[in-house]
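Visitor:
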Amino acid sequence: MASDNVKGRTVRGILATIWLAGGGQMLRFASNLLLTRLLFPEAFGIMALVQVIIGGLVMFADAGLRGSVVQNPRGDEPAFLDTVWTVQILRGIALWLIISLLAVVFSRFFQQPQLIHILPVAGVTLVIQGLHSTKVLSAQRHLQLGRHASLTLASQMIGLIGTAFLAYFLQTVWALAIGMLIQPTIALLLYARYLEGHRNRLALERASLRDIFNLGKFLSISSIATYVMNQSDRAILGTAITVDLLGIYGLALALAQIPTTLTQRIAGSVLFPLYRMRHPLDDLRNQTNLFKVRRLLVLAGCSMLSLVALTGPWLVETLYDDRYKAAGGIAVLLAVALMPRMIMTGVMNSAVAKGNSFAMMAVNLSTAIVQLTILVALVPSFGIIGVSVAIGLAPVIVYPLVAYYSAQYKTWDGWGDLAFFVTSSTLTAYALWLHWNDIQTVVYLS
Numbered sequence: 358m359a360s361d362n363v364k365g366r367t368v369r370g371i372l373a374t375i376w377l378a379g380g381g382q383m384l385r386f387a388s389n390l391l392l393t394r395l396l397f398p399e400a401f402g403i404m405a406l407v408q409v410i411i412g413g414l415v416m417f418a419d420a421g422l423r424g425s426v427v428q429n430p431r432g433d434e435p436a437f438l439d440t441v442w443t444v445q446i447l448r449g450i451a452l453w454l455i456i457s458l459l460a461v462v463f464s465r466f467f468q469q470p471q472l473i474h475i476l477p478v479a480g481v482t483l484v485i486q487g488l489h490s491t492k493v494l495s496a497q498r499h500l501q502l503g504r505h506a507s508l509t510l511a512s513q514m515i516g517l518i519g520t521a522f523l524a525y526f527l528q529t530v531w532a533l534a535i536g537m538l539i540q541p542t543i544a545l546l547l548y549a550r551y552l553e554g555h556r557n558r559l560a561l562e563r564a565s566l567r568d569i570f571n572l573g574k575f576l577s578i579s580s581i582a583t584y585v586m587n588q589s590d591r592a593i594l595g596t597a598i599t600v601d602l603l604g605i606y607g608l609a610l611a612l613a614q615i616p617t618t619l620t621q622r623i624a625g626s627v628l629f630p631l632y633r634m635r636h637p638l639d640d641l642r643n644q645t646n647l648f649k650v651r652r653l654l655v656l657a658g659c660s661m662l663s664l665v666a667l668t669g670p671w672l673v674e675t676l677y678d679d680r681y682k683a684a685g686g687i688a689v690l691l692a693v694a695l696m697p698r699m700i701m702t703g704v705m706n707s708a709v710a711k712g713n714s715f716a717m718m719a720v721n722l723s724t725a726i727v728q729l730t731i732l733v734a735l736v737p738s739f740g741i742i743g744v745s746v747a748i749g750l751a752p753v754i755v756y757p758l759v760a761y762y763s764a765q766y767k768t769w770d771g772w773g774d775l776a777f778f779v780t781s782s783t784l785t786a787y788a789l790w791l792h793w794n795d796i797q798t799v800v801y802l803s
C-alpha cells in the first residue's frame with residue numbers, strides 16, 4: 358500500500374511539474390511574442406544583464422533551504438519550518454540591500470547607466486520571494502505538487518498581463534523591470550491563502566539552524582557553481598557583443614532551455630524526494646525503478662532538445678520578426694551544446710538525498726570551472742560559437758567525477774548514459790549539417 362502511494366504521488370508529481378513547467382514556458386513564449394512587438398531588442402539585452410546579476414547574488418547566498426526541508430527528518434516540524442522561513446526573509450532583505458549598493462558598480466562594468474536605477478527596483482523581487490510560505494517546500498517534500506503548480510501558473514498569467522500593459526504604455530525597459538514584481542507578489546498571496554500546511558511565524562531555533570548549515574554549506578557553493586554554468590555565458594558575452602545581439606541570444610537561449618528547464622524541475626521536484634523515499638542504498642531493488650524514471654526523464658529531454666535543434670530556425674522565423682532571425686542558428690547551437698548536461702540530469706540528487714551535499718558541490722564546481730575557463734579562452738575570438746563549445750564540452754570532461762560519486766550511491770547508469778550520448782550525437786550532427794547556413798550567420802555576427 359505504501360509503495361502504491363509513493364508511485365501514485367510520483368506520477369502525479371511528474372504530471373504537475375510538466376503542467377507547471379510546460380504552462381510556464383507557454384506563458385513566457387506568449388510574453389516574448391507580445392513584448393518583442395512592443396519593445397526593442399535593447400530592452401531584452403538590459404534585462405538579460407539584470408537577471409544575470411540577480412541570479413548570481415541569489416545563488417551566492419543560497420542557504421540550501423529547499424534541500425533542507427525536503428531532505429531533513431525534521432522537515433515537517435513547525436520549529437524547523439519557522440526557522441527556514443525566518444532565514445529566507447533575512448536572506449531576501451540582505452540580498453536586496455547588496456544589489457542596491459552595488460548597482461553603480463554593475464552599471465560601470467557592463468557600461469549600461471540604466472542599471473543604476475533598474476537594479477534596486479528589480480531587486481525588490483528578492484524581498485517578496487523571501488516572504489513566500491514554507492508551504493511550498495512542504496508540498497515538494499511530500500510530492501503534493503498539483504495545487505502549487507496551478508497557483509504558480511495563475512500568478513505567472515497575471516504577471517504576464519500586467520507586464521504587457523506596462524510595455525504598451527511605457528514602451529521602455531522599465532516595463533520589464535516593474536513587471537518582475539507582479540508575479541512573486543501574486544504568488545505570495547495565493548500560496549498563503551490556498552496551500553495547505555504550517556502557518557509560519559518568525560523564529561530562530563539553534564538546532565534547526567545547525568541542521569540547515571550542515572547541509573547548506575556545500576549546497577551554497579554548489580549553487581554558485583550552478584549560477585556560473587547557467588549565467589556566465591551571458592555575463593561574458595555582455596562584454597564581447599552588442600546589447601542588441603545579447604538580447605537576440607537571450608531569446609534563443611530561452612527557446613533552447615525549454616527542455617532543460619522542464620527536466621531539471623522534474624528532477625528537483627520529483628526525483629529528489631523519490632530518492633529520499635526509495636533510495637537504492639536502503640534497498641537495491643529500488644535501483645531498477647529509479648533507473649526507469651531517470652531514463653524516461655532523460656529520453657524526454659533529449660527528444661525535446663533534438664526537436665529544437667532540428668526546427669530552431671523555422672520556429673524563430675514563425676514566431677518572431679526579421680530583427681530576431683539570427684536567434685534560429687543560435688538556438689540550434691545551444692540545443693546541441695545542452696545535450697551532455699541533459700544526459701546527466703538528476704543523478705547527483707541521490708547523494709544529496711543521503712545528506713552528502715559535498716558530492717554535488719564537487720561536480721557542479723568542477724563543471725563550472727571547466728566551462729568558465731573555456732568561455733574566457735574562446736569567447737573573445739569566437740563569440741557565441743565559443744559559448745556553445747564551452748557549454749557542451751564541460752559536462753563531458755567532468756563526467757568521470759559524476760560516475761565516481763553516483764556509483765557510490767548505486768545510481769550510476771553507465772550503459773544508459775552511453776546509449777543516450779551515441780543517439781543524441783547522431784541527431785545533433787544531422788541538425789548542424791541541416792542548418793549550416795544559419796550557423797554561418799552566427800559565426801559572422803560573432
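Residue numbering for the sequence shown is 358 to 803, as defined by the numbering used here.
For every residue, glycine included, the Cβ atom is placed at its ideal position computed from N, Cα and C.
All values reported here derive from a predicted model rather than from experimental measurement.
Below 8 Å CB to CB, which residues in the same chain sit around residue 412 once its five sequence neighbours on both sides are set aside?
Guide: Counting from 1 along the sequence shown, the entry for residue 412 is found at position 55. The answer, listed in chain order, is 584, 587 and 588.
Visitor: When you measure from the CB of residue 665 to every non-hydrogen atom of the ligand PLP, does any distance come out below 7 Å?
Guide: In terms of ligand content, the structure shown is empty, and the ligand PLP therefore cannot be addressed.
Visitor: To the nearest angstrom, how far is it from the Cα of residue 358 to the Cα of residue 634?
Guide: As a first step, residue 358 is located in the sequence shown; it is residue number 1 there, counting from the start. As a first step, residue 634 is located in the sequence shown; it is residue number 277 there, counting from the start. Its pLDDT being 37, under 50, residue 358 is placed unreliably by the model, and nothing is read from it.
Visitor: Hey, residue 514 and residue 384: beta-carbon distance below 8 Å or not?
Guide: Working through the sequence shown from its first residue, we reach residue 514 at position 157. Working through the sequence shown from its first residue, we reach residue 384 at position 27. Contact flag set, yes.
Visitor: So what's residue 430 in DSSP terms, helix, strand or just coil?
Guide: Position 73 of the sequence shown holds residue 430. Residue 430 falls in the coil class under three-state DSSP.
Visitor: To the nearest angstrom, how far is the alpha carbon of residue 577 from that of residue 658?
Guide: For the purposes of this step, residue 577 is taken as residue 220 along the sequence shown, with counting starting at 1. For the purposes of this step, residue 658 is taken as residue 301 along the sequence shown, with counting starting at 1. So the two alpha carbons sit approximately 27 Å from each other.
Visitor: Among 645, 435, 471 and 744, which has the Cα closest to the Cα of residue 731?
Guide: Taking the first residue of the sequence shown as position 1, residue 731 is located at position 374. If we check each option's Cα against that of residue 731, 744 comes out closest.
Visitor: Roughly how far, in whole angstroms, is the beta-carbon of residue 432 from the beta-carbon of residue 498, given that I think they are within contact range, below 8 Å?
Guide: What you label residue 432 is simply residue 75 of the sequence shown in a count that begins at 1. What you label residue 498 is simply residue 141 of the sequence shown in a count that begins at 1. Indeed they touch by this definition, with Cβ atoms about 5 Å apart.
Visitor: Give me, in chain order, the residues of the same chain whose beta-carbon lies closer than 7 Å to that of residue 800; leave out the 5 immediate sequence neighbours on both sides.
Guide: Along the sequence shown, one-based indexing puts residue 800 at 443. Hits under 7 Å: 742.
Visitor: Just the C-alpha distance for residue 386 and residue 493, rounded to the nearest angstrom, thanks.
Guide: Numbered from 1 along the sequence shown, position 29 holds the residue referred to as residue 386. Numbered from 1 along the sequence shown, position 136 holds the residue referred to as residue 493. Cα to Cα, residue 386 sits roughly 25 Å from residue 493.
Visitor: In angstroms, rounded to a whole number, what distance separates the CA positions of residue 374 and residue 559?
Guide: Sequence index remark: in the sequence shown, residue 374 carries index 17 (1-based). Sequence index remark: in the sequence shown, residue 559 carries index 202 (1-based). Approximately 30 Å between the Cα atoms of the pair.
Visitor: By the 10 Å Cβ neighbour count, where 16 or more other Cβ atoms means buried, how is residue 766 classified, buried or exposed?
Guide: The sequence position of residue 766 within the sequence shown is 409, counting from 1. With 16 or more Cβ atoms within 10 Å of its Cβ, residue 766 is classed as buried.
Visitor: In this structure, how does DSSP classify residue 397 when only helix, strand and coil are distinguished?
Guide: By 1-based counting over the sequence shown, the position of residue 397 is 40. Three-state result, residue 397: coil.
Visitor: Give the straight-line distance between the Cα atoms of residue 747 and residue 727, rounded to the nearest whole angstrom.
Guide: What you label residue 747 is simply residue 390 of the sequence shown in a count that begins at 1. What you label residue 727 is simply residue 370 of the sequence shown in a count that begins at 1. When rounded, the distance between both Cα atoms is 8 Å.
Visitor: Kindly indicate the opening and closing residues of the alpha helix (DSSP H) around residue 725.
Guide: Against the sequence shown, residue 725 aligns to sequence position 368. Taken as a continuous stretch (DSSP letters only), the alpha helix (DSSP H) holding residue 725 covers 714-739.
Visitor: Among the residues of its own chain, which have a CB less than 6 Å from the CB of residue 716, if the five just before and after it don't count?
Guide: Position 359 of the sequence shown, counted from the start, is the residue given in the question as residue 716. Once the five neighbours on either side are set aside, the close Cβ partners of residue 716 are 708 and 762.
Visitor: Please work out which residues of its chain come closer than 6 Å, Cβ to Cβ, to residue 648, disregarding the five sequence neighbours upstream and downstream, and give them in chain order.
Guide: Reading the sequence shown from its first residue, position 291 is the one you call residue 648. So the qualifying residues of the chain are 770.
Visitor: Determine whether the beta carbon atoms of residue 629 and residue 427 lie at a separation below 8 Å.
Guide: Position 272 of the sequence shown holds residue 629. Position 70 of the sequence shown holds residue 427. It is a contact, given that the beta carbons lie within the stated cut-off.
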